[in-house]
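Protein chains in written order, with the working numbering: chain B, 1 to 370; chain Z, 1001 to 1370; chain A, 2001 to 2370; chain L, 3001 to 3370. Note that the Cβ used here is the ideal one computed from N, Cα and C, for glycine as well. Please read the structure below before turning to the comments.
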């Protein structure tokens, strides 16, 4: 052990770290409120960094073909860690709320040029995750979110550089995961095998038939209750709509023709995994799907909690950076969904006893045991 | 001590309690998932009961005139307790999410006639709190939420009776609190004193002037950044709108003429309390306002978390009871606000150094010390 | 659908449930504090009920030989659910703490005969889990905890009946899980195979050698720092002790001779699972082990949080039921460990690069992939 | 607004911040686990910084005599903020636990010279708070905790300098608060008034009489239950001990003679505040006391949670830095109490209806109302 021992303060870089809370003045001039405000944002950035590292690692694992089974365990752990961090992030808002509006306003003028929207890492997370650029909610002024990342003299900031580099770094987590989901054996058939399309279509039809029966059973039961005619009619229309939507969705009919079959296979695979989730071979896919669902849910919860904190701190006024403030945050919380397929299939799942019979069970490891 | 000692199981009624989880069958036939589903709802009802008891007690305290100062401490404690319970309630959703969609569907058919909308206590809480009946979001079928509380043969259920009794029990918490806020001394003047209206108006004008200056200062700073003309124009319009809205709001111009002065005084009082919050005499009012704000925020967070859980469990399908499901929950979360004034004034607060000078400080206890 | 629709209030049994909060008086006479006290205990009992149901189900799964692989997924889900419930339970203490000592004392005299120690379900959980009767910390009076479950006239209470029934219901969760762990293939060898004992011993020796090296490496590094001779000596003694303890532990030398080999195999299996945790065949064992560790950790956290709440509410006075109060709770928190092996092996784990080479990797599924 | 707008990344110092996670190598060489380990410690240090700033501010407020009433509101807010931060800190352990023991060991050797015990800020918090140096639990090697803060070549580190400066910065929070508590009017009498000692003694005697009656009432009730003679005797002894301890404590008999009267007055003041907590004049003292109790409770919870995390990560092995590991943490959690008086008085509180009658109520503001 020639290595010289490193004390805690060198390993953690405590002194450098604790010298960064001065904002744009000398720290001694700041109120406790402002130092807290800076610290909470720094902690957010540190958490973001961890999320990014994990997300890139998980993405890279899924980008391999085939994905080695041991890697899946590691991927699931990474996804769970990202979720845990989001819970921490959401919890921090409670601390911000120990500051009053009036006391926040005391230093808010300094922040005219600064805004949470300028957090490059938050944008990077959305990009790596796979948020389509076209679905972004405008910030409330012209120019994309990339404009907000320029220096005030219009030059490229380090923040903008980082974001641009991420935009060029492909595939996204969403892309890589869906590619992997696409290869899932459905009723024992894989994409590479001849006749796969027909088998997948047969599964889809069998599944849609049972889904239709479930919706009709629900309608019948609801109609048995004392409803007005208008209510009954509304329920019937809604049931018809649910049946038609499920069909369109599972067959990928809402997608352009060239990707329709691929979209359909991915969605069928997700329904298949959710439906036969106890099969040994589906254990890891199920964990991945559950993990990503939890993660995206935690993201929505984080965004909504963020909106609640901002509303509490400054009400409905215009945000620093000129954004629409609370409304922008509530809108993005409900609109930004990356793993849309994971959420959509939940709408059309059916109970276990109604599922089409499993074909080729031996491929999914029924034989085993321990 | 003639009293016979009571063992824990009699005091807590453990055996009676543990016999209530059979749903509509024998408990032995139920899956763990269904028993959990029932238990979580029962726990929700128990928490609701505590919230209701506290809320009625707090309401009754504020309905007294004057409210004794010791009662305020107790009211604040009750409000904080209600908030703490809401955090517990929001945390329970994580448990529900340990159940998969497919496994929930296994027993969902039983619940055709049952729906969380039929929780009488949830409706009672909204009523006592003071949610206006006209602002309720329709459930998705004809007939009000009261219809959903009838027995299936159309007769009055115990749930409906309880809700009707609450509707008749006045004032609401909101009504009682605003009445008390209305009596707040503003710049040393109380409603009973001659000249109060003029003094309140003078405070409002002074306050609006400083608010206007703050908005204009913000606009100037934002404009100094490299923005397009269109952006600058948009910011100018928004600033003008903020100034005009603040004026209309603080003077109560959005209210019918006969209540306009009262509304204005209440809003000025809230601005006054938030602005001079360190004054000893305003200590309890501030705690009450902060407590109610936290409580309503926790309520919104609870509703949004509820929406997330439902979306995760069943996606976007029609809810049991025929409601619109997740959308209904997200809509009510954002739309239902009882203490609207508490949220609105946050939008127009200004920093301490810009506040109009305090008049009659001696009335607010500056003399004291300990 | 001949079935009559069931409204929410019948399914959840709302009215019966809400009639159980009167304690030993009429509910109208109770303070909000006492109703809260009763409700929180009732909620605790409801959570306990869910834990018990899950724990019995998990125990029953592990009592099968072999345990079907699909059952493991379900077992892990049950274990995670139990952990989630414990987090909820720990969170409730915050609510209890909204009550002051003085206000709790107002009704504490009523509870002379009642004590949380009389919660039959808490005892049942400990029993099913596998807490040895001999390790129980005495309550502070003569007679076992079973005595505390008698009616005051000495007859058998329903609580006592339930606890006695659990004591007769075998195996415990601990027993069943360890039996299953015992069958884990170690370096490819299973207990039924000839030569298993020798192979396990060889693994143990190889592992102990690498453990020894790790301890010595740590000692060398620590000694390189500027320590006094006395400190160096103390570290050397501690290192020697760690090496000897690891050996005694892994070879089961602390156990009676007749169970020594079985204990050693179980401990080696746990070390093996933790060490080669990415192997596909060990995926579920690892999840089970991690889940049980998290669960027991959550249990300790719950107990310590309980102690903190009681200390805050009543300080260090004698508990109702005559127990030693806070000290009893803190002692049980640290002393009650059921899955001792899971905790003990953590002490002797080594880093991946130092592990003995894996033998017979093909048995653990290295070949696969997806 | 001549001021140049500052973008988010300059205000938060994002780039400098994100360059500090390399430990003692290049960051690219680190595993995600090690980066997470570093980040979590950095976040801890940032929270510690906020706690320290608040604690010093609160201390400084209480060091004034008299403490202005408006300052109390601010002090309470600071105390609550410190508590909220501790909850955040305790929550972070869940993230650390996403790392396995084996994977932590992969980089643990690097940390031979580093240890959490070397966190200067943690020591500073204990010092400002008022932990007596004599009560510190030894780290497991010779030399005080200050030795652990030296550089490895024995020179003074920046960490040691900071800690030494804190040791010289007096009074502690404990000292300042108790000085303020000491001035509390008891039955209307303040220390400066003639006859104060007699009045305080009279209050103490009246209070002890009612405490004695309460203990005897409890004993009688407990004895009425079917206990063995030995149990009854044990309860009698314990009751006698409780009565005697309460007396010794409230009269300060456990303290050296020269501070005995002062200690007694402080303890009587705390009992007085807790007992007549609704009195308007005692509103802020009560909030301060409640806040400090919550804060210290949160500190104990944080320490115990820390012990649980360490036990989970590395079991019972020797800690980095050569400490006794988990046992050290559990011991400090239970032994380190700074506001001992706040905890001790909870043991001797009585219910409201038994309290001695309040004298000079007009001094406590009964006349008021709003």
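Using DSSP bridges, identify the partner residues of residue i.
{"i": "residue 189(B)", "result": "186(B)"}
{"i": "residue 3229(L)", "result": "Looking at the DSSP assignment, residue 3229(L) forms no beta bridge with any residue, so it has no partner."}
{"i": "residue 150(B)", "result": "156(B)"}
Would residue i and residue j qualify as a contact pair, given that the criterion is a beta-carbon distance under 8 Å?
{"i": "residue 2417(A)", "j": "residue 5(B)", "result": "No answer is possible for residue 2417(A): the residues shown for chain A start at 2001 and end at 2370."}
{"i": "residue 315(B)", "j": "residue 1343(Z)", "result": "yes"}
{"i": "residue 2338(A)", "j": "residue 2131(A)", "result": "yes"}
{"i": "residue 3246(L)", "j": "residue 3211(L)", "result": "yes"}
{"i": "residue 204(B)", "j": "residue 268(B)", "result": "yes"}
{"i": "residue 3371(L)", "j": "residue 2293(A)", "result": "Residue 3371(L) is absent from the model: chain L starts at 3001 and stops at 3370."}
{"i": "residue 3170(L)", "j": "residue 2102(A)", "result": "no"}
{"i": "residue 3045(L)", "j": "residue 3298(L)", "result": "no"}
Compare the C-alpha of residue i against each of the options and name the closest.
{"i": "residue 2382(A)", "options": "2153(A), 2345(A), 2289(A)", "result": "The structure shown does not extend to residue 2382(A), since chain A spans only 2001 to 2370, so no value can be given for it."}
{"i": "residue 122(B)", "options": "69(B), 60(B), 53(B), 106(B)", "result": "53(B)"}
{"i": "residue 2064(A)", "options": "2183(A), 2233(A), 2334(A), 2193(A)", "result": "2183(A)"}
{"i": "residue 2114(A)", "options": "1238(Z), 1291(Z), 1007(Z)", "result": "1007(Z)"}
{"i": "residue 1075(Z)", "options": "1296(Z), 1081(Z), 1058(Z), 1088(Z)", "result": "1058(Z)"}
{"i": "residue 66(B)", "options": "78(B), 40(B), 24(B), 190(B)", "result": "190(B)"}
{"i": "residue 2117(A)", "options": "2107(A), 2363(A), 2139(A), 2228(A)", "result": "2139(A)"}
{"i": "residue 119(B)", "options": "147(B), 134(B), 197(B)", "result": "147(B)"}
{"i": "residue 14(B)", "options": "3110(L), 3033(L), 3040(L)", "result": "3040(L)"}
Check whether the Cβ of residue i lies closer than 8 Å to any Cβ atom in chain L.
{"i": "residue 2242(A)", "result": "yes"}
{"i": "residue 2312(A)", "result": "yes"}
{"i": "residue 5(B)", "result": "yes"}
Whole angstroms is fine: what's the gap from residue i's alpha carbon to residue j's?
{"i": "residue 1026(Z)", "j": "residue 305(B)", "result": "41 Å"}
{"i": "residue 3348(L)", "j": "residue 3253(L)", "result": "15 Å"}
{"i": "residue 2137(A)", "j": "residue 2328(A)", "result": "8 Å"}
{"i": "residue 17(B)", "j": "residue 3016(L)", "result": "9 Å"}
{"i": "residue 3341(L)", "j": "residue 3177(L)", "result": "11 Å"}
{"i": "residue 199(B)", "j": "residue 1092(Z)", "result": "41 Å"}
{"i": "residue 358(B)", "j": "residue 2060(A)", "result": "27 Å"}
{"i": "residue 3179(L)", "j": "residue 3280(L)", "result": "21 Å"}
{"i": "residue 1002(Z)", "j": "residue 2164(A)", "result": "Note that residue 1002(Z) scores a pLDDT of 43, beneath 50, so its modelled location is shaky; the value from the coordinates is reported in the next line. So the alpha carbons of these two residues sit roughly 32 Å apart."}
{"i": "residue 161(B)", "j": "residue 150(B)", "result": "9 Å"}
{"i": "residue 278(B)", "j": "residue 2332(A)", "result": "38 Å"}
{"i": "residue 3095(L)", "j": "residue 144(B)", "result": "35 Å"}
{"i": "residue 3250(L)", "j": "residue 3241(L)", "result": "14 Å"}
Checking contacts by CB at 8 Å: is residue i closer than that to chain B?
{"i": "residue 2224(A)", "result": "yes"}
{"i": "residue 3024(L)", "result": "yes"}
{"i": "residue 1252(Z)", "result": "no"}
{"i": "residue 3057(L)", "result": "yes"}
{"i": "residue 2073(A)", "result": "yes"}
Does residue i have its Cβ less than 8 Å from a Cβ in chain A?
{"i": "residue 1009(Z)", "result": "yes"}
{"i": "residue 1309(Z)", "result": "no"}
Using 8 Å as the limit for Cβ to Cβ distance, is residue i near chain D?
{"i": "residue 1275(Z)", "result": "Here chain D cannot be found, since the structure's protein chains are B, Z, A and L."}
For a cutoff of 8 Å on Cβ pairs, would you count residue i as touching chain Z?
{"i": "residue 64(B)", "result": "no"}
{"i": "residue 211(B)", "result": "no"}
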